Amino acid sequence: MRDCTRHGLNPPTIATSAEYPYGKLHGLFRLPWFRRTWVVQEVALARKVMFYCGDYMIAFDNLVVAADFTRLPYSKLDMQARHWKSYLDWHHMLNEFIRRYEQGETDVTTTVGFGLFELLAATLLLEATRAEDKVYGLYGCAKTLGFELPVPDYTKPIAVVYTEAARACLRQAQNPLRLLEIVEGSAGEELGLPSWVPNLSGCVRKWTPENPPKTSTNSRSNKLVSGGSQSEWNLMVDERRLRVRGRRVDHVAAVGQPWKVDHSTTLLGDAWSNSGQYVGSLVDCILTWLDIVLQRNRSVQGSGAGEVAATQDLARLLTNGHRSLVEPLDRVTQYLSVLIKCAKADDTVVRSSLIHAQDSILEIRQIGHYFVSENMQRVITQMGDFAWRTVFRTTRGYLGVGSYSSRPGDLVVVLHGMATPCLVRPSAEGFVFVGAAFVNEIMNGEFWSTGSSSNDEWFVLV
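To convert a position in the sequence shown, counted from 1, into this note's numbering, add 5.
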(Lines of atoms letter the chains of each structure in order from A; the text may use other names.)
(Lines give C-alpha, C1' and ligand atoms only; values in the text may rest on other atoms or scores of the structure.)
Protein backbone atom coordinates (compact mmCIF):
# COMPACT_ATOMS: atom_id res chain seq x y z
CA MET A 6 0.00 0.00 0.00
CA ARG A 7 1.53 3.29 -1.06
CA ASP A 8 0.96 6.47 0.90
CA CYS A 9 0.39 9.55 -1.24
CA THR A 10 -0.36 11.91 1.63
CA ARG A 11 2.81 13.90 0.92
CA HIS A 12 2.43 14.10 -2.84
CA GLY A 13 0.66 16.88 -4.68
CA LEU A 14 -1.31 16.75 -7.90
CA ASN A 15 1.07 16.08 -10.78
CA PRO A 16 0.30 17.08 -14.38
CA PRO A 17 -0.55 13.53 -15.60
CA THR A 18 -3.17 13.27 -12.86
CA ILE A 19 -5.12 16.35 -13.91
CA ALA A 20 -4.33 16.29 -17.63
CA THR A 21 -7.11 15.50 -20.08
CA SER A 22 -6.88 12.85 -22.78
CA ALA A 23 -9.13 10.79 -25.04
CA GLU A 24 -9.32 8.14 -22.31
CA TYR A 25 -9.72 10.64 -19.47
CA PRO A 26 -11.47 13.70 -20.98
CA TYR A 27 -11.91 15.22 -17.53
CA GLY A 28 -8.64 14.06 -15.98
CA LYS A 29 -7.97 10.92 -13.92
CA LEU A 30 -9.48 12.38 -10.75
CA HIS A 31 -12.89 12.47 -12.41
CA GLY A 32 -13.51 8.77 -11.79
CA LEU A 33 -12.35 9.03 -8.19
CA PHE A 34 -14.71 11.83 -7.27
CA ARG A 35 -17.66 10.16 -8.99
CA LEU A 36 -17.64 7.38 -6.40
CA PRO A 37 -20.93 7.14 -4.45
CA TRP A 38 -19.01 7.18 -1.17
CA PHE A 39 -18.91 10.97 -1.19
CA ARG A 40 -22.64 11.53 -1.25
CA ARG A 41 -24.00 9.07 1.32
CA THR A 42 -25.64 10.58 4.40
CA TRP A 43 -24.26 8.00 6.84
CA VAL A 44 -20.71 8.53 5.60
CA VAL A 45 -20.85 12.18 6.66
CA GLN A 46 -21.38 11.14 10.27
CA GLU A 47 -18.72 8.43 10.08
CA VAL A 48 -16.16 10.94 8.81
CA ALA A 49 -17.24 13.75 11.12
CA LEU A 50 -17.01 11.64 14.28
CA ALA A 51 -13.76 9.89 13.35
CA ARG A 52 -10.41 10.81 14.92
CA LYS A 53 -8.44 10.05 11.77
CA VAL A 54 -9.75 9.43 8.27
CA MET A 55 -7.87 7.71 5.45
CA PHE A 56 -9.24 7.03 1.99
CA TYR A 57 -8.27 3.97 -0.06
CA CYS A 58 -7.98 4.28 -3.82
CA GLY A 59 -6.54 1.22 -5.54
CA ASP A 60 -2.98 0.78 -4.28
CA TYR A 61 -2.95 4.17 -2.61
CA MET A 62 -3.96 5.44 0.79
CA ILE A 63 -4.84 9.14 0.97
CA ALA A 64 -5.30 11.24 4.09
CA PHE A 65 -8.75 12.78 4.06
CA ASP A 66 -7.38 16.31 4.49
CA ASN A 67 -5.31 15.84 1.33
CA LEU A 68 -8.32 14.49 -0.51
CA VAL A 69 -10.17 17.71 0.32
CA VAL A 70 -7.32 19.71 -1.22
CA ALA A 71 -7.30 17.43 -4.28
CA ALA A 72 -10.96 18.22 -4.86
CA ASP A 73 -10.23 21.85 -5.67
CA PHE A 74 -11.77 21.73 -9.11
CA THR A 75 -10.82 25.31 -9.86
CA ARG A 76 -7.39 23.87 -10.72
CA LEU A 77 -8.75 21.34 -13.19
CA PRO A 78 -9.20 21.93 -16.92
CA TYR A 79 -12.89 21.10 -17.11
CA SER A 80 -13.90 23.43 -14.28
CA LYS A 81 -13.87 26.42 -16.64
CA LEU A 82 -17.05 25.61 -18.50
CA ASP A 83 -19.00 22.90 -16.70
CA MET A 84 -21.82 24.56 -14.82
CA GLN A 85 -21.94 22.06 -11.98
CA ALA A 86 -18.39 20.72 -11.95
CA ARG A 87 -17.54 21.79 -8.41
CA HIS A 88 -20.08 19.76 -6.47
CA TRP A 89 -17.52 17.09 -5.55
CA LYS A 90 -15.55 19.71 -3.65
CA SER A 91 -18.69 20.83 -1.81
CA TYR A 92 -19.26 17.25 -0.62
CA LEU A 93 -15.78 17.00 0.83
CA ASP A 94 -15.76 20.52 2.26
CA TRP A 95 -18.93 19.63 4.16
CA HIS A 96 -17.43 16.43 5.62
CA HIS A 97 -14.29 18.33 6.56
CA MET A 98 -16.10 21.31 8.12
CA LEU A 99 -18.31 19.10 10.27
CA ASN A 100 -15.30 17.09 11.43
CA GLU A 101 -13.59 20.35 12.43
CA PHE A 102 -16.68 21.64 14.29
CA ILE A 103 -16.86 18.44 16.32
CA ARG A 104 -13.13 18.43 17.08
CA ARG A 105 -13.26 22.01 18.39
CA TYR A 106 -16.53 21.43 20.28
CA GLU A 107 -15.07 18.44 22.09
CA GLN A 108 -12.01 20.53 23.02
CA GLY A 109 -14.30 22.91 24.91
CA GLU A 110 -15.08 25.48 22.22
CA THR A 111 -18.83 24.99 22.70
CA ASP A 112 -19.77 28.16 20.83
CA VAL A 113 -17.96 27.08 17.66
CA THR A 114 -21.23 26.61 15.75
CA THR A 115 -23.24 29.54 17.10
CA THR A 116 -20.53 32.08 16.26
CA VAL A 117 -20.79 31.18 12.57
CA GLY A 118 -24.59 30.84 12.54
CA PHE A 119 -24.54 27.06 12.21
CA GLY A 120 -27.41 25.19 13.82
CA LEU A 121 -29.62 22.15 13.54
CA PHE A 122 -31.32 23.58 10.45
CA GLU A 123 -28.00 23.97 8.63
CA LEU A 124 -27.04 20.42 9.60
CA LEU A 125 -30.21 18.91 8.13
CA ALA A 126 -30.32 21.24 5.11
CA ALA A 127 -26.98 19.84 3.92
CA THR A 128 -28.67 16.49 3.28
CA LEU A 129 -30.23 18.03 0.15
CA LEU A 130 -26.92 17.19 -1.56
CA LEU A 131 -26.79 13.69 -0.10
CA GLU A 132 -28.45 10.34 -0.67
CA ALA A 133 -29.86 7.77 1.72
CA THR A 134 -31.32 4.31 1.15
CA ARG A 135 -34.05 5.03 3.69
CA ALA A 136 -35.71 8.44 3.77
CA GLU A 137 -35.56 8.47 7.58
CA ASP A 138 -31.77 8.49 7.44
CA LYS A 139 -31.79 12.07 6.19
CA VAL A 140 -32.55 12.77 9.87
CA TYR A 141 -31.39 9.73 11.82
CA GLY A 142 -28.14 9.47 9.86
CA LEU A 143 -27.00 12.71 11.53
CA TYR A 144 -28.29 11.98 15.03
CA GLY A 145 -24.79 11.33 16.40
CA CYS A 146 -23.39 14.55 14.93
CA ALA A 147 -26.30 16.57 16.27
CA LYS A 148 -25.95 15.11 19.76
CA THR A 149 -22.19 15.66 19.82
CA LEU A 150 -22.68 19.33 18.88
CA GLY A 151 -25.33 19.87 21.55
CA PHE A 152 -28.40 19.77 19.28
CA GLU A 153 -31.44 17.65 20.03
CA LEU A 154 -33.06 15.45 17.40
CA PRO A 155 -35.81 12.90 18.01
CA VAL A 156 -34.40 9.52 19.05
CA PRO A 157 -34.29 7.25 15.97
CA ASP A 158 -37.43 5.16 15.64
CA TYR A 159 -37.88 3.42 12.30
CA THR A 160 -41.43 2.34 13.17
CA LYS A 161 -42.66 5.91 12.75
CA PRO A 162 -44.13 7.07 9.41
CA ILE A 163 -41.73 9.26 7.46
CA ALA A 164 -44.16 12.20 7.75
CA VAL A 165 -43.84 11.99 11.54
CA VAL A 166 -40.03 11.78 11.38
CA TYR A 167 -39.72 14.87 9.18
CA THR A 168 -42.33 16.86 11.10
CA GLU A 169 -40.59 16.11 14.41
CA ALA A 170 -37.27 17.19 12.90
CA ALA A 171 -38.83 20.43 11.62
CA ARG A 172 -40.26 21.20 15.05
CA ALA A 173 -36.83 20.54 16.59
CA CYS A 174 -35.30 23.05 14.16
CA LEU A 175 -37.91 25.68 15.02
CA ARG A 176 -37.32 25.31 18.75
CA GLN A 177 -33.51 25.38 18.66
CA ALA A 178 -32.69 27.83 15.86
CA GLN A 179 -31.41 31.37 16.26
CA ASN A 180 -33.65 32.30 13.33
CA PRO A 181 -36.47 29.71 13.47
CA LEU A 182 -38.33 30.58 10.27
CA ARG A 183 -35.23 30.17 8.15
CA LEU A 184 -36.49 26.60 7.92
CA LEU A 185 -39.06 27.83 5.40
CA GLU A 186 -36.37 28.93 2.93
CA ILE A 187 -35.78 25.36 1.76
CA VAL A 188 -39.41 24.24 1.70
CA GLU A 189 -41.11 23.32 -1.58
CA GLY A 190 -44.66 23.15 -0.28
CA SER A 191 -46.10 21.04 -3.08
CA ALA A 192 -43.48 18.31 -2.58
CA GLY A 193 -44.72 17.18 0.80
CA GLU A 194 -48.17 16.10 -0.32
CA GLU A 195 -47.04 12.62 -1.36
CA LEU A 196 -45.79 11.93 2.18
CA GLY A 197 -48.65 13.65 3.99
CA LEU A 198 -46.42 16.43 5.32
CA PRO A 199 -47.72 19.83 6.41
CA SER A 200 -46.80 22.32 3.68
CA TRP A 201 -44.28 24.11 5.94
CA VAL A 202 -42.21 20.96 6.65
CA PRO A 203 -39.27 20.26 4.32
CA ASN A 204 -39.41 16.99 2.40
CA LEU A 205 -35.81 15.88 2.89
CA SER A 206 -36.19 12.60 1.01
CA GLY A 207 -34.91 13.92 -2.31
CA CYS A 208 -31.45 14.77 -3.58
CA VAL A 209 -30.38 17.64 -5.83
CA ARG A 210 -28.62 15.15 -8.10
CA LYS A 211 -31.93 13.43 -8.90
CA TRP A 212 -33.91 16.48 -10.04
CA THR A 213 -35.47 15.91 -13.47
CA PRO A 214 -38.69 17.05 -15.18
CA GLU A 215 -40.20 13.69 -14.16
CA ASN A 216 -38.88 14.03 -10.59
CA PRO A 217 -39.00 17.76 -9.74
CA PRO A 218 -37.31 19.20 -6.63
CA LYS A 219 -38.62 18.25 -3.22
CA THR A 220 -36.86 21.21 -1.63
CA SER A 221 -35.87 24.73 -2.64
CA THR A 222 -32.36 26.07 -3.03
CA ASN A 223 -33.28 29.73 -2.72
CA SER A 224 -30.06 31.67 -2.17
CA ARG A 225 -30.93 35.35 -2.52
CA SER A 226 -31.97 36.89 0.73
CA ASN A 227 -31.76 40.08 2.75
CA LYS A 228 -32.86 40.40 6.37
CA LEU A 229 -33.88 43.99 5.63
CA VAL A 230 -36.89 42.65 3.73
CA SER A 231 -38.60 42.22 7.12
CA GLY A 232 -36.98 45.28 8.66
CA GLY A 233 -34.64 43.32 10.91
CA SER A 234 -37.64 42.09 12.92
CA GLN A 235 -37.71 38.92 15.02
CA SER A 236 -39.67 35.82 14.07
CA GLU A 237 -43.05 35.41 15.73
CA TRP A 238 -44.54 31.94 15.54
CA ASN A 239 -46.23 29.18 17.48
CA LEU A 240 -47.40 25.66 16.82
CA MET A 241 -51.11 24.97 17.07
CA VAL A 242 -52.38 22.27 19.43
CA ASP A 243 -51.98 19.46 16.88
CA GLU A 244 -48.40 20.63 16.16
CA ARG A 245 -49.01 20.18 12.44
CA ARG A 246 -50.19 23.75 11.86
CA LEU A 247 -47.69 26.59 12.15
CA ARG A 248 -48.94 30.07 13.04
CA VAL A 249 -46.67 32.88 11.81
CA ARG A 250 -46.92 36.66 11.89
CA GLY A 251 -46.35 38.79 8.83
CA ARG A 252 -47.72 41.23 6.26
CA ARG A 253 -49.45 40.84 2.91
CA VAL A 254 -47.66 42.34 -0.08
CA ASP A 255 -49.69 41.48 -3.18
CA HIS A 256 -51.23 38.67 -5.21
CA VAL A 257 -49.48 36.91 -8.09
CA ALA A 258 -51.11 37.87 -11.39
CA ALA A 259 -49.12 35.78 -13.90
CA VAL A 260 -46.21 33.32 -13.97
CA GLY A 261 -43.80 32.12 -16.64
CA GLN A 262 -42.57 28.61 -17.29
CA PRO A 263 -39.99 27.25 -14.84
CA TRP A 264 -36.41 26.56 -15.87
CA LYS A 265 -36.53 22.75 -15.73
CA VAL A 266 -32.95 21.56 -15.47
CA ASP A 267 -32.52 17.80 -15.84
CA HIS A 268 -29.64 16.98 -13.52
CA SER A 269 -29.34 13.46 -14.93
CA THR A 270 -27.82 15.09 -18.03
CA THR A 271 -25.08 16.87 -16.05
CA LEU A 272 -21.94 15.92 -14.17
CA LEU A 273 -23.90 16.52 -10.97
CA GLY A 274 -26.28 13.72 -11.94
CA ASP A 275 -23.47 11.33 -12.94
CA ALA A 276 -23.57 11.95 -16.69
CA TRP A 277 -20.13 11.51 -18.24
CA SER A 278 -20.35 15.07 -19.54
CA ASN A 279 -22.85 17.91 -19.53
CA SER A 280 -25.32 17.38 -22.39
CA GLY A 281 -26.38 21.01 -22.70
CA GLN A 282 -29.94 20.31 -21.52
CA TYR A 283 -29.60 23.04 -18.91
CA VAL A 284 -28.94 25.47 -21.78
CA GLY A 285 -31.83 24.21 -23.90
CA SER A 286 -34.30 24.33 -21.02
CA LEU A 287 -33.34 27.95 -20.34
CA VAL A 288 -33.88 28.80 -24.01
CA ASP A 289 -37.27 27.07 -23.77
CA CYS A 290 -38.52 29.24 -20.90
CA ILE A 291 -36.78 32.59 -21.44
CA LEU A 292 -39.50 34.02 -23.72
CA THR A 293 -42.16 33.37 -21.07
CA TRP A 294 -40.04 35.25 -18.53
CA LEU A 295 -39.64 38.14 -20.96
CA ASP A 296 -43.38 38.14 -21.59
CA ILE A 297 -44.09 38.46 -17.85
CA VAL A 298 -41.86 41.55 -17.71
CA LEU A 299 -43.46 43.00 -20.86
CA GLN A 300 -46.91 42.52 -19.33
CA ARG A 301 -45.79 44.33 -16.19
CA ASN A 302 -44.19 47.19 -18.10
CA ARG A 303 -47.23 47.70 -20.33
CA SER A 304 -49.57 47.74 -17.35
CA VAL A 305 -47.42 50.47 -15.79
CA GLN A 306 -46.07 52.38 -18.80
CA GLY A 307 -48.69 51.71 -21.47
CA SER A 308 -48.51 49.97 -24.84
CA GLY A 309 -45.30 51.77 -25.81
CA ALA A 310 -43.17 49.69 -23.46
CA GLY A 311 -40.74 47.71 -25.62
CA GLU A 312 -38.64 44.57 -25.58
CA VAL A 313 -35.28 46.30 -25.11
CA ALA A 314 -36.35 47.86 -21.82
CA ALA A 315 -38.03 44.61 -20.76
CA THR A 316 -34.81 42.68 -21.41
CA GLN A 317 -32.90 45.08 -19.19
CA ASP A 318 -35.57 44.82 -16.47
CA LEU A 319 -35.38 41.02 -16.66
CA ALA A 320 -31.59 41.19 -16.37
CA ARG A 321 -31.95 43.44 -13.34
CA LEU A 322 -34.34 40.97 -11.72
CA LEU A 323 -31.97 38.05 -12.37
CA THR A 324 -28.90 39.85 -11.01
CA ASN A 325 -30.30 41.75 -8.03
CA GLY A 326 -29.40 40.27 -4.69
CA HIS A 327 -26.74 37.93 -6.06
CA ARG A 328 -24.24 37.21 -3.28
CA SER A 329 -21.19 36.98 -5.52
CA LEU A 330 -22.02 39.01 -8.61
CA VAL A 331 -19.56 38.30 -11.40
CA GLU A 332 -21.12 39.76 -14.52
CA PRO A 333 -22.39 43.38 -14.52
CA LEU A 334 -25.94 44.32 -15.50
CA ASP A 335 -25.07 45.50 -19.02
CA ARG A 336 -23.22 42.24 -19.77
CA VAL A 337 -26.14 40.15 -18.51
CA THR A 338 -28.53 42.24 -20.62
CA GLN A 339 -26.41 41.63 -23.73
CA TYR A 340 -26.40 37.87 -23.26
CA LEU A 341 -30.07 37.69 -22.33
CA SER A 342 -30.69 39.33 -25.71
CA VAL A 343 -28.74 36.48 -27.33
CA LEU A 344 -30.80 33.89 -25.43
CA ILE A 345 -34.01 35.61 -26.52
CA LYS A 346 -32.84 35.69 -30.14
CA CYS A 347 -32.06 31.98 -30.00
CA ALA A 348 -35.45 31.21 -28.45
CA LYS A 349 -37.25 33.04 -31.27
CA ALA A 350 -35.29 31.34 -34.05
CA ASP A 351 -36.78 28.56 -36.16
CA ASP A 352 -33.40 27.71 -37.64
CA THR A 353 -31.72 25.04 -35.51
CA VAL A 354 -28.24 26.46 -36.13
CA VAL A 355 -29.23 29.90 -34.85
CA ARG A 356 -31.15 28.38 -31.95
CA SER A 357 -28.12 26.41 -30.82
CA SER A 358 -25.54 29.22 -31.14
CA LEU A 359 -25.39 31.10 -27.84
CA ILE A 360 -22.71 33.48 -28.98
CA HIS A 361 -22.54 37.28 -28.92
CA ALA A 362 -21.01 39.10 -31.90
CA GLN A 363 -18.18 40.36 -29.68
CA ASP A 364 -17.16 36.89 -28.49
CA SER A 365 -13.83 35.47 -29.62
CA ILE A 366 -14.00 32.28 -31.64
CA LEU A 367 -11.29 30.91 -29.34
CA GLU A 368 -13.69 31.15 -26.38
CA ILE A 369 -16.49 29.07 -27.89
CA ARG A 370 -17.12 25.54 -26.61
CA GLN A 371 -19.58 22.88 -27.67
CA ILE A 372 -21.86 21.57 -24.93
CA GLY A 373 -24.08 18.86 -26.34
CA HIS A 374 -25.91 20.37 -29.32
CA TYR A 375 -25.12 23.94 -28.26
CA PHE A 376 -22.22 26.25 -29.01
CA VAL A 377 -21.66 28.45 -25.96
CA SER A 378 -19.15 31.24 -25.46
CA GLU A 379 -17.33 31.54 -22.17
CA ASN A 380 -19.05 34.88 -21.52
CA MET A 381 -22.46 33.29 -22.06
CA GLN A 382 -21.53 30.40 -19.78
CA ARG A 383 -20.60 32.81 -17.00
CA VAL A 384 -23.94 34.59 -17.32
CA ILE A 385 -25.87 31.30 -17.26
CA THR A 386 -23.84 30.10 -14.27
CA GLN A 387 -24.63 33.35 -12.45
CA MET A 388 -28.33 32.65 -13.03
CA GLY A 389 -27.93 29.04 -11.89
CA ASP A 390 -29.63 29.54 -8.53
CA PHE A 391 -32.86 30.22 -10.43
CA ALA A 392 -32.96 26.72 -11.91
CA TRP A 393 -36.34 25.13 -11.19
CA ARG A 394 -37.79 28.57 -10.48
CA THR A 395 -39.92 30.92 -12.53
CA VAL A 396 -40.56 34.63 -13.01
CA PHE A 397 -43.86 36.11 -11.84
CA ARG A 398 -45.55 39.50 -11.67
CA THR A 399 -48.07 40.74 -9.14
CA THR A 400 -51.25 42.74 -9.61
CA ARG A 401 -49.53 45.95 -8.48
CA GLY A 402 -46.49 45.47 -10.70
CA TYR A 403 -43.86 43.75 -8.58
CA LEU A 404 -41.56 41.33 -10.39
CA GLY A 405 -40.29 38.25 -8.62
CA VAL A 406 -38.81 34.78 -8.91
CA GLY A 407 -40.50 31.93 -7.10
CA SER A 408 -41.17 28.21 -6.90
CA TYR A 409 -41.83 26.14 -10.01
CA SER A 410 -45.24 25.41 -8.47
CA SER A 411 -46.19 29.11 -8.22
CA ARG A 412 -49.46 30.07 -9.87
CA PRO A 413 -51.76 33.08 -10.26
CA GLY A 414 -53.67 33.83 -7.08
CA ASP A 415 -50.79 32.99 -4.74
CA LEU A 416 -50.15 35.63 -2.09
CA VAL A 417 -46.77 37.31 -1.56
CA VAL A 418 -46.13 37.82 2.15
CA VAL A 419 -43.23 38.99 4.29
CA LEU A 420 -43.01 37.18 7.62
CA HIS A 421 -41.40 38.65 10.71
CA GLY A 422 -37.76 37.66 11.00
CA MET A 423 -37.41 36.18 7.52
CA ALA A 424 -34.81 37.25 4.98
CA THR A 425 -36.94 36.30 1.98
CA PRO A 426 -40.53 37.02 0.97
CA CYS A 427 -42.73 33.93 0.69
CA LEU A 428 -45.59 32.71 -1.46
CA VAL A 429 -48.60 31.20 0.29
CA ARG A 430 -51.85 29.88 -1.15
CA PRO A 431 -55.21 30.47 0.57
CA SER A 432 -57.02 27.28 1.57
CA ALA A 433 -60.10 26.38 3.59
CA GLU A 434 -58.05 25.74 6.75
CA GLY A 435 -55.55 28.57 6.42
CA PHE A 436 -52.66 28.88 3.96
CA VAL A 437 -50.61 26.34 2.05
CA PHE A 438 -46.95 27.30 2.02
CA VAL A 439 -45.69 27.44 -1.59
CA GLY A 440 -42.08 28.51 -1.18
CA ALA A 441 -39.58 31.30 -0.60
CA ALA A 442 -39.30 33.98 -3.28
CA PHE A 443 -37.19 36.89 -4.45
CA VAL A 444 -39.13 40.08 -5.21
CA ASN A 445 -37.64 43.23 -6.72
CA GLU A 446 -38.20 46.56 -5.00
CA ILE A 447 -38.94 45.13 -1.55
CA MET A 448 -35.74 43.23 -0.66
CA ASN A 449 -34.09 46.25 0.99
CA GLY A 450 -37.07 46.94 3.23
CA GLU A 451 -38.92 49.31 0.91
CA PHE A 452 -42.25 47.58 1.55
CA TRP A 453 -41.71 46.90 5.24
CA SER A 454 -40.69 50.46 6.10
CA THR A 455 -43.97 51.89 4.78
CA GLY A 456 -46.06 49.73 7.13
CA SER A 457 -46.52 49.30 10.86
CA SER A 458 -47.77 46.74 13.36
CA SER A 459 -51.30 47.63 12.30
CA ASN A 460 -50.55 45.86 9.00
CA ASP A 461 -49.54 42.64 10.74
CA GLU A 462 -51.67 39.52 10.67
CA TRP A 463 -51.34 35.87 11.60
CA PHE A 464 -51.10 33.24 8.88
CA VAL A 465 -51.85 29.63 9.75
CA LEU A 466 -49.73 27.34 7.56
CA VAL A 467 -51.31 23.92 7.10
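Glycine included, C-beta positions come from ideal geometry on N, C-alpha and C. Keep in mind the model is a prediction, meaning the values are calculated, not measured.
- Shown here, residue 347 sits in a helix according to DSSP, grouped into three states.
- Taking a contact to require three or more Cβ pairs closer than 8 Å, the segment 271-279 and the segment 413-425 do not qualify as touching.
- The C-alpha of residue 44 lies about 28 Å from the C-alpha of residue 181.
- The shortest C-alpha to C-alpha distance from residue 351 to any of 188, 463, 288 and 199 is the one to 288.
- Residue 110 and residue 248 have their C-alpha atoms spaced approximately 35 Å apart.
- Distance from the CA of residue 336 to the CA of residue 321, rounded to the nearest whole angstrom, comes to 11 Å.
- Taking a cut-off of 8 Å on C-beta distances, the segment 422-431 touches the segment 233-242, as three or more cross pairs fall below it.
- Per DSSP, residue 163 has no beta bridge partner at all.
- Under the Cβ criterion (8 Å, minimum of three pairs), the segment 384-400 counts as touching the segment 256-268.
- Sequence-distant partners of residue 116 (beyond 5 residues in either direction) whose C-beta falls short of 7 Å from its own C-beta are missing from its chain.
- In the DSSP assignment, residue 322 falls within the alpha helix (DSSP H) that extends over 312-324.
- In the structure shown, the three-state DSSP call for residue 273 is helix.
- Counting only the Cα atoms, residue 348 lies some 48 Å from residue 63.
- In chain order, 310, 312 and 315 place their CB closer than 8 Å to the CB of residue 299, counting only its own chain and leaving out the 5 sequence neighbours on each side.
- Among the bridge pairs identified by DSSP, residue 395 is matched with 407.
- Straight-line spacing of the CA atoms in residue 50 and residue 68 works out to 17 Å.
- Between residue 146 and residue 175, the C-beta gap is not smaller than 9 Å, which leaves the two residues out of contact.
- For residue 166, the number of other beta carbons within 10 angstroms of its own is at least 16, and it is reported as buried.
- Taking all protein chains in view, the Cβ of residue 374 is surrounded by fewer than 16 other Cβ atoms within 10 Å, so the residue is classified as exposed.
- By DSSP's assignment, residue 199 forms no beta bridge with any residue.
- Taking a cut-off of 8 Å for Cβ pairs, the segment 209-218 and the segment 370-386 do not touch, as fewer than three such pairs fall below it.
- Residue 129 and residue 187 do touch by the CB rule: their CB atoms are close to 7 Å apart, below 8 Å.
- In the three-state reduction of the DSSP assignment, residue 143 falls in the coil class.
- For residue 466, the secondary structure class from DSSP, reduced to helix, strand or coil, is strand.
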